[in-house]
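Following: one structure in structure tokens, then a few remarks.
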Amino acid sequence: MPEPVTLGFPGQMLRKLEKYEVLDEIGHGGMATVYRARDSSLDRFVALKVLHPHLQRTSEARARFTREAKSVAKLRHPHILEIYDYSGEASDETYIAAELLTGPTLKDFVLQQRELPAEIAACIALQLADALSAAHAKGIIHRDVKPENVLIHENRCVKLTDFGIAYMVDAHTFTVTGQILGSPGHMAPEQVEGGTSDVRSDVFSLGTVLYFCATGRLPFIGRNAHHLLKLLLDGEYPDPLRLRPSMGAELAQIMDKALSRAPGNRYQSADEMADRLRAFLTEMGIDDPDGTLASYLAAPKEVAKELEQHTLQRLLALGAEAAKSGQVSKAQAALSRVLALDEGNDRALKLLGTLGRRRRVNLVVALVAGVLVLSLAGVVYLSRRETEDARVETKALSSAEQGTSDMSGETARAIETDLPSRPEDEQVAVDETNQADERTKPATPNGRRWVVFKPTPPNVSISVNGSPLKPFGPDFQRVRLKVGNHTFRFVGAEGCCEERAIRRRIPAGARDFELSVKLRYKPARLYLKGPAP
């Protein structure tokens, strides 16, 4: 039994709980109080998590403690809190003795710093992804990943804590009637709907943590609990790139994928998300994420300045390299992030100007190439038809003159992609799976086929046959249509591109039909206001 001791000085023993000298309170929650304590047997400090007295007789609360102790005891990972001891269910007072972390919580740290460098946000998410991967490998799903359950330790790393509602694949799920287990702002939609949680549910929650670290706010913030859950179920959250353009499109895409409404559209494992984060950091010249994070946690302001200069130089190098190799989109993404970090950066502006001139030259080359391909295709077509009767020959000549020569679907799409877009364009789709016999195989007008959209850029809204515009994304990537002619309208986000309207014939076929459409970026001008040089 515990032996109460009344003392008036903080840091001295408040009471003794078996072999643990309880020193002072360091945390308080709905189920337990966490104390700093000393293990008198091993002479070391621990975090002692003690179940509230009024819950001692509650079997469900004790079962939750047991679950946490058993689940974490299976794990040995540098980024997961280590458990040393457990009182057992038969004890008069239920407690868990664990590694004493120095703190603070990730939530408090981010709010204190206000803005973390994007690469640091990725380093934190990477350590948590590795921790979740280790838990998942043991059949443990955390189900409550959030900034409050992540602690910074010794100003060098982050550690995942609180496995109290973890689900063990080989055990029954802990449930409470009428209660959703988890934190509403971080739960995956399938958890809210009462569906089965799996590793992808933790991936979603990790996406909310990455979003919080990179933007300083949570993705789902509602007026009340009902509104918050509706936003979460609908997958509605502010575009992270708009909230903070300096993070860059690549990191925004990582969190967007993790936060996909449908589990099948997310990273399918914590390992997969970790690989993507590592690739992002490697491209940014960070080969030692753990060392980089430790340096930052030890001196946030100083390292943030150094990291910004490193990032600028790296992005300029990536932008120049991409521009040289003709990777326009990649160059634009890198240089746009440079300007978000350093508005008016001369080198970035010059490189963007070079890209603009190169695009105009490429357009002229593409037009000339298109005319040559059409002419060549017409000549080949006519030569093949020389031996046919006059009626067929005349018809072939007419088709060739009108530019409807028989080209492969791949060639047709190449020309279509490079030519400038016009709303009045009308084109006939070519089915790659049936190119050889498309002219002889009759279409089945009553059949249906999936049409998969492949827009460039991807940030567009699409209208099908005059329907209201709908944003392209995880919830709208394809549509099932009847075989035959259909109209499609593509509108870029915030007027970035020229609107495109096309008419396509969807041929019969068993496979998905890919509709690739490229929008032409609108010309832009940059105005600089300031004193004359």
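Residue 101 in this note's numbering sits at position 68 of the sequence shown, and the numbers go up by one each step.
Glycine included, every Cβ here is placed at the ideal spot set by N, Cα and C.
Alpha carbon of residue i to alpha carbon of residue j, nearest angstrom
i, j, result
"Ser230", "Gly386", "49 angstroms"
"Ser166", "Gly480", "45 angstroms"
"Phe253", "Leu193", "22 angstroms"
"Ala154", "Arg95", "36 angstroms"
"His15", "Lys49", "Since the first and last residues shown for the chain are 34 and 566, residue 15 lies out of range."
"Asn518", "Ser549", "16 angstroms"
"Tyr300", "Phe237", "9 angstroms"
"Val497", "Phe521", "5 angstroms"
"Val516", "Val485", "14 angstroms"
"Leu47", "Ser104", "30 angstroms"
"Val493", "Leu261", "26 angstroms"
"Asn257", "Leu266", "14 angstroms"
"Ala353", "Ala364", "7 angstroms"
"Gly218", "Leu251", "7 angstroms"
"Leu351", "Ile174", "38 angstroms"
"Leu326", "Arg482", "49 angstroms"
"Asp375", "Glu339", "14 angstroms"
"Met306", "Asp163", "9 angstroms"
"Ile495", "Arg309", "29 angstroms"
"Ala291", "Ala158", "11 angstroms"
"Ala541", "Glu547", "13 angstroms"
"Cys156", "Leu139", "13 angstroms"
"Arg544", "Tyr128", "58 angstroms"
"Ala332", "Glu527", "39 angstroms"
"Leu388", "His61", "57 angstroms"
"Pro271", "Phe78", "43 angstroms"
"Glu101", "Arg311", "30 angstroms"
"Arg90", "Ser120", "15 angstroms"
"Leu314", "Asp321", "9 angstroms"
"Pro478", "Gly268", "With a pLDDT of 45 at Pro478, under the threshold of 50, the predicted position of this residue should be treated as unreliable, and no value is reported."
"Arg109", "Gly324", "20 angstroms"
"Gly525", "Tyr554", "9 angstroms"
"Val178", "Phe196", "9 angstroms"
"Ile319", "Gln346", "13 angstroms"
"Phe142", "Glu316", "26 angstroms"
"Lys334", "Met220", "32 angstroms"
Cβ-based neighbour list, residue i, same chain, cut-off 6 angstroms, excluding 5 preceding and 5 following
i, result
"Pro556", "none"
"Thr489", "Lys551"
"Ala80", "Val67, Ala131, Leu133"
"Glu187", "Thr135"
"Arg233", "Pro296, Arg299"
"Leu382", "none"
"Val336", "Ser328, Tyr329"
"Ser302", "Val232"
"Lys487", "Glu547, Ser549"
Buried versus exposed call for residue i [16 or more other C-beta atoms within 10 Å across all chains shown]
i, result
"Ala469", "Low confidence applies to Ala469: its pLDDT is 38, below 50, so where it sits in the model is not reliable, and the reading given next is rough at best. Answer is exposed; the Cβ neighbour count stays below 16."
"His87", "exposed"
"Gly499", "exposed"
"Pro501", "exposed"
"Gln435", "Caution applies to Gln435, whose pLDDT of 43 falls short of 50 and renders its modelled position unreliable; the value that the coordinates give is listed next. The residue is exposed, with fewer than 16 neighbouring Cβ atoms inside 10 Å."
"Val160", "Going by the sequence as given, residue 160 is Gln instead of Val. With 16 or more Cβ atoms within 10 Å of its Cβ, Gln160 is classed as buried."
"Leu114", "buried"
"Thr567", "The first residue shown for the chain is 34 and the last is 566, placing residue 567 beyond what the model contains."
"Pro240", "Looking at the sequence shown, residue 240 is not Pro but Gly. Buried: at least 16 other Cβ atoms inside 10 Å."
"Gly63", "exposed"
"Leu75", "exposed"
"Phe509", "exposed"
"Gly359", "exposed"
"Arg537", "buried"
"Lys428", "Caution is warranted here: a pLDDT of 44 is assigned to Lys428, below 50, making its placement in the model unreliable, and the coordinate value is therefore given only provisionally. Its Cβ having fewer than 16 others within 10 Å, Lys428 is exposed."
"Arg277", "buried"
"Ser293", "buried"
Anticipated Cβ contact below 8 angstroms, residue i with residue j, distance rounded
i, j, result
"Glu122", "Thr99", "6 angstroms"
"Pro296", "Phe245", "Between Phe245 and Pro296 the Cβ distance is about 21 angstroms, and since that is not below 8 angstroms, they are no contact."
"Glu126", "Val191", "That belief does not hold up - the Cβ atoms of Glu126 and Val191 are roughly 30 angstroms apart, past 8 angstroms."
"Asp380", "Leu348", "Note that residue 380 is Arg in the sequence shown here, rather than Asp. 10 angstroms between Cβ atoms; not a contact."
"Leu384", "Ala366", "With a Cβ gap of about 12 angstroms, Leu384 and Ala366 do not count as contacting."
Same chain only: Cβ atoms within 7 angstroms of residue i, ignoring 5 sequence neighbours per side
i, result
"Val512", "Val484, Val497"
"Pro273", "Tyr244, Ala247, Thr248, Met280, Ala285, Met288"
"Glu54", "Met46, Ala70, Arg71, Ser73"
"Ser216", "Asp177, Lys179"
8 angstroms CB neighbourhood of residue i in its chain, flanking five on each side removed
i, result
"Lys107", "Lys171, Ile173"
"Tyr117", "Asp72, Val79, Ala130, Ala131, Glu132"
"Gly255", "Leu261, Leu262, Lys263, Leu264"
"Leu144", "Gly249"
_Cβ contact check for the stretch 531-538 and the stretch 497-509: 3 or more pairs under 8 angstroms_ = Touching, no.
*Is the number of C-beta pairs between the stretch 279-288 and the stretch 149-163 that are closer than 8 angstroms three or more?*
Contact between the stretch 279-288 and the stretch 149-163 is established, with three or more Cβ pairs separated by less than 8 angstroms.
*Is the stretch 364-375 touching the stretch 167-186 in the sense that three or more CB pairs, one from each, lie closer than 8 angstroms?*
At 8 angstroms Cβ cutoff, the stretches do not touch.
*Say whether the stretch 219-227 touches the stretch 135-144, bearing in mind that this needs 3 or more beta-carbon pairs closer than 8 angstroms, one atom from each stretch.*
Counting C-beta pairs closer than 8 angstroms gives fewer than three between the stretch 219-227 and the stretch 135-144, which falls short of the contact rule.
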